[in-house]
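Protein sequence lines, in the order shown, are assigned to chains A and B.
Read in order, the letters of the first sequence correspond to residues 51 to 434 in this note's numbering.
Read in order, the letters of the second sequence correspond to residues 51 to 434 in this note's numbering.
We treat Cβ as the ideally placed atom computed from N, Cα and C, and that holds for glycine.
Nothing here was measured: the structure is a model prediction, and the numbers come from that model.
Note sheet for the following structure.
Protein chains: 2
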Amino acid sequence: MKDKQFLMIPGPTPVPESVLLAMAKHPIGHRTPEFSAIVKEVTEDLKWLFQTNEDVFIYTSSGTGAMEAAIYNLVNPGDKVLCLIIGNFGERWAKIAASKGAIVEKLEVEWGKAIDPRALKKVLDADTNKEIKFVTLTHNETSSGVTNDVQALNDIIQTHGSISIVDGITSIGAIPLAMDKWGVDVVVSGSQKGFMIPPGLAFLACSKKAWKAYEQCKNPSFYFNFGAYKKNLEKDTTPYTPAVSLIIGLHTAMKLLREEGLDNLYLRHARLAAGLRSAVRAMGLKLFVEDNEIASNAITAILPPDGISVADIRKTLKNDFDLVVADGQGQLKGKIFRMGHLGFASERDMIAAVGALEMTLQKLGYKTNSGAGTSALISTMMEL
Amino acid sequence: MKDKQFLMIPGPTPVPESVLLAMAKHPIGHRTPEFSAIVKEVTEDLKWLFQTNEDVFIYTSSGTGAMEAAIYNLVNPGDKVLCLIIGNFGERWAKIAASKGAIVEKLEVEWGKAIDPRALKKVLDADTNKEIKFVTLTHNETSSGVTNDVQALNDIIQTHGSISIVDGITSIGAIPLAMDKWGVDVVVSGSQKGFMIPPGLAFLACSKKAWKAYEQCKNPSFYFNFGAYKKNLEKDTTPYTPAVSLIIGLHTAMKLLREEGLDNLYLRHARLAAGLRSAVRAMGLKLFVEDNEIASNAITAILPPDGISVADIRKTLKNDFDLVVADGQGQLKGKIFRMGHLGFASERDMIAAVGALEMTLQKLGYKTNSGAGTSALISTMMEL
Chain A
51 MKDKQFLMIP GPTPVPESVL LAMAKHPIGH RTPEFSAIVK EVTEDLKWLF QTNEDVFIYT
111 SSGTGAMEAA IYNLVNPGDK VLCLIIGNFG ERWAKIAASK GAIVEKLEVE WGKAIDPRAL
171 KKVLDADTNK EIKFVTLTHN ETSSGVTNDV QALNDIIQTH GSISIVDGIT SIGAIPLAMD
231 KWGVDVVVSG SQKGFMIPPG LAFLACSKKA WKAYEQCKNP SFYFNFGAYK KNLEKDTTPY
291 TPAVSLIIGL HTAMKLLREE GLDNLYLRHA RLAAGLRSAV RAMGLKLFVE DNEIASNAIT
351 AILPPDGISV ADIRKTLKND FDLVVADGQG QLKGKIFRMG HLGFASERDM IAAVGALEMT
411 LQKLGYKTNS GAGTSALIST MMEL
Chain B
51 MKDKQFLMIP GPTPVPESVL LAMAKHPIGH RTPEFSAIVK EVTEDLKWLF QTNEDVFIYT
111 SSGTGAMEAA IYNLVNPGDK VLCLIIGNFG ERWAKIAASK GAIVEKLEVE WGKAIDPRAL
171 KKVLDADTNK EIKFVTLTHN ETSSGVTNDV QALNDIIQTH GSISIVDGIT SIGAIPLAMD
231 KWGVDVVVSG SQKGFMIPPG LAFLACSKKA WKAYEQCKNP SFYFNFGAYK KNLEKDTTPY
291 TPAVSLIIGL HTAMKLLREE GLDNLYLRHA RLAAGLRSAV RAMGLKLFVE DNEIASNAIT
351 AILPPDGISV ADIRKTLKND FDLVVADGQG QLKGKIFRMG HLGFASERDM IAAVGALEMT
411 LQKLGYKTNS GAGTSALIST MMEL
């Protein structure tokens, strides 16, 4: 049907109507008391969502911009950065660090696995001269649908004395990340994910320990400069013209998130993910990540049945059911499809999506009992 | 009145309703054929507006992001960059170049003046070893309301063999800048200006000559990387998730700009600016830039009458007439107020604004004949 399209990709994620309408108003001036009042409020909201008392900077950029901000404000050329890589976005940290002239060391595992804390400990224990100043890691790896145990990994990083830099782009608002409590140094995220607004904003929070590295950084980025953002945030503003409409949308979205509450947010994402995983198994399909312990609550990667292509599944879902799911990325392109259940996603959305997937598979010749997926989905969601 | 606010600041500028509504739709996936078709079309539209056959990159950032992109992709630490400075935004180039480790030389004039091409020639003639690799300049200086003669300045830069980097943030779409015809190397701009959409996108076009400098740049930015944008533009996409809604808004806005046509766009801005300048003079106020030859067609800086503060003028315009104008920036804060007539601004807007300014001044105790400003405005606009 025309105008019925629904996104179940890792981002952009669906946006509530109240947010769309808030953004559809004429932009207001960004150097006005009205706008500063909004910046002040959303900053408090962001601190709540990031579970931190540190400032949260709002960048006008994609999430990758905030990743660049983290590296370019902290890392000096020649610094050693250990990158924990479990997929495409973990690899991105390595590329950004290399572009800043860092010496990059990698701890890499097969896509679909998480980093084993013992493996990290081994690498850091071997760094007897404490040369590894920074460790980058991905909380939720969007390319494979795997969640790293940030708390355990961060403990090891902190014990070693390195600075932890965490990609929370598809985890903030969906999967617990208690920045201050866990003692994480830097967390970045992006607007078109758990924040329920369109792409265009990115966020960064930085611990006092990491701030010291910023103060020793020789050529920090100008556009993403921590100091400039901090100084302006004291006046409830940004150093350069921000994406005003998106910040106004964020202001509205944050009210919805606050109302739901952190625990409920995390639980909802856990419920949708567990339900989908049950449904996939009940339909006789294979999950790319079989281990429930490390499977993402934000995005689920699914293998197509033998003889049916990812392309055909995506095409049928889109053409016949107006449902957009993602292909695999990089080495997984054409091998998996990924369903996002991140942000403004409800149980009703999940039921509709699983039903549409059942019908799609049947249309493509796969034999499954009608309702097998939706029954399993509903049973599991009822339990959580 | 509630909900009547109208922006006459240098940006954000007013946004047409059709653009607001286009942006209020649910975001679509950025890796879809539908979105690529839009990227392809807007890229062609941008090339038309920039008057270039080179690629125009779309960054999700403020205009300052595109300024950083220009410097960080071209300039190596130790390179000499000559910055032509006539105000706050000219100074920004110098700061960005310094943050990249460049050796910055400045040719600076008093705010309110333009760069004299002869002065530039003298500086470049003195550079007998051709050490000045790059020259940065501001087309339209937003802080003072002065327009540099980019064509004349660029001729001198090209003769010397340097690469010209032009801030066209408040000039593209408002003041003629024929990138290819004039042989300008790099032009950057921002969405919340002549493009008639909210802030959040920035644009950059780069000549083949400048591209060679990019190829020799040792640590180009990752997020703003020219190569990544070029490679992705060949597939009608962007390397990282763009501000989808803003690009969709741009797609709609560009149709409006195309329909009006380049000559009419430039003429409209010239007409509004000339009208306002006449009105200011007729009301007995002083223009910050008296010289019509260098006065900006996008923004007009006005001195308050003796005994009346900029703050009171701005407050009355806002509270009683729902009209937002800008204060001076930096050294001009509280000394001038600036009225933007850039982007989606019409003759009717101008008449209303000048009338509101007349009433504001009278309310604040300034003696002027009612209608003196609007008469002069109308007469001048009728002539052009």
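Item to check | CB contact flag (B:Ile247, B:Ile88, <8 Å) | outcome: Contact check for B:Ile247 against B:Ile88 fails: the beta carbons are separated by 8 Å or more.
Item to check | Cutoff 6 Å; reference B:Met333; Cβ partners in own chain excluding five residues on either side | outcome: Thr418, Ala422, Gly423
Checklist entry - Within 8 Å (strictly less), CB to CB, does B:Val294 reach chain A? => result Output row for B:Val294: interface = yes.
Checklist entry - Quick one: Cα of B:Thr192 to Cα of B:Gly151, how far? => result 26 Å
Checklist entry - Does any CB atom of chain A fall closer than 8 Å to the CB of B:Tyr290? => result yes
Checklist entry - Just by C-beta distance, which residues in the segment 256-282 of chain B are closer than 9 Å to chain A? => result Lys268, Asn269, Pro270, Ser271, Phe272, Tyr273, Phe274, Asn275
Next on the checklist: Is there a C-beta anywhere in chain B that falls below 8 Å from the one on A:Ile349?
Outcome noted: no
Checklist entry - Three-state secondary structure (DSSP) at B:Asp313? => result helix
Checklist entry - DSSP puts A:Ile153 in a beta bridge; with which residues? => result Under DSSP, A:Ile153 takes part in a beta bridge, and its partners are A:Lys130.
Checklist entry - Hey, is A:Thr186's beta-carbon within less than 8 Å of any beta-carbon in chain E? => result Note that chain E does not occur in the displayed structure, where the protein chains are A and B.
Next on the checklist: So that I know if they touch, is there some Cβ in chain A lying closer than 8 Å to that of B:Ala74?
Outcome noted: B:Ala74 counts as touching chain A.
Item to check | Listed by chain order, chain A residues near B:Ile59 by CB distance under 7 Å | outcome: Gly79
Item to check | Outcome for B:Thr178 when other beta-carbon atoms lying within 10 angstroms are tallied against a minimum of 16 | outcome: exposed
Next on the checklist: If you follow the alpha helix (DSSP H) that A:Tyr264 is in, where does it begin and where does it stop?
Outcome noted: 258-265
Checklist entry - At a CB-CB cut-off below 8 Å, which residues of chain B make contact with A:Glu118? => result Ser271, Phe272, Tyr273
Checklist entry - Along the chain, where does the alpha helix (DSSP H) that runs through A:Gly240 open and close? => result Run containing A:Gly240: none in the alpha helix (DSSP H); it sits in the beta strand (DSSP E), 236-240.
Next on the checklist: Am I right that A:Ile219 and A:Ser194 are in contact with their C-beta atoms under 8 Å? What's the rounded C-beta distance?
Outcome noted: About 14 Å; that fails the 8 Å criterion.
Next on the checklist: Quick check on the DSSP output: what are the complete alpha helix (DSSP H) runs of length 4 or more inside the segment 309-354 of chain A, in order along the chain?
Outcome noted: 312-332
Checklist entry - B:Lys145 CB to nearest chain A CB: under 8 Å? => result yes
Checklist entry - B:Pro249 CB to nearest chain A CB: under 8 Å? => result yes
Checklist entry - If contact means a Cβ-Cβ distance below 8 Å, which residues of the segment 332-358 of chain A contact chain B? => result none
Checklist entry - Ordered along the chain, which non-local residues of its own chain (more than five positions away) have a Cβ less than 6 Å from that of B:Lys385? => result Gly378
Checklist entry - Nearest chain B C-beta to A:Ser194 closer than 8 Å, yes or no? => result no
Next on the checklist: Let's test the definition: count the other Cβ atoms within 10 Å of the Cβ of B:Gly223 and tell me whether it reaches 16, buried, or not, exposed.
Outcome noted: A residue is called buried once 16 or more other Cβ atoms fall within 10 Å of its Cβ, and B:Gly223 is buried on that count.
Next on the checklist: DSSP has B:Asp217 in a bridge; who is on the other side?
Outcome noted: B:Thr188, B:Val238
Checklist entry - Counting only beta-carbon atoms, is B:Gly378 nearer than 8 Å to chain A? => result So no, B:Gly378 is outside the interface.
Checklist entry - Between B:Met51 and B:Asp372, is the Cβ-Cβ spacing less than 8 Å? => result yes
Item to check | Residue from A:Asn369, A:Gly250, A:Lys280 with nearest C-alpha to B:Ser295 | outcome: A:Gly250
Item to check | Closer than 8 Å to chain A by CB, B:Gly218 | outcome: Not closer than 8 Å to any Cβ of chain A, the Cβ of B:Gly218 fails to qualify, so no.
Checklist entry - Quick one: what's got a C-beta closer than 7 Å to B:Ala169's C-beta in the same chain, skipping five residues either side? => result Cβ-Cβ distances below 7 Å link B:Ala169 to Leu157 in the same chain, with the five nearest sequence neighbours on each side left out; the list follows chain order.
Next on the checklist: What does the Cβ neighbour count give for A:Asn314, buried or exposed, with the cut at 16 atoms within 10 Å?
Outcome noted: exposed
Checklist entry - Does the separation of the CB atoms of A:Tyr316 and A:Ile225 fall below 8 Å? => result yes
Item to check | Which listed residue (B:Lys262, B:Gly61, B:Ala119) has its alpha carbon closest to that of B:Ser212 | outcome: B:Lys262
Item to check | Contacting positions in the segment 369-399 of chain A - beta carbon closer than 7 Å to chain B | outcome: Val374
Item to check | Short CB-CB distance (under 8 Å) between B:Ser86 and chain A | outcome: Judged by the 8 Å Cβ criterion, B:Ser86 is not in contact with chain A.
Checklist entry - Taking just the CA atoms, how far does B:Thr291 sit from B:Arg308? => result Their Cα atoms are separated by approximately 27 Å.
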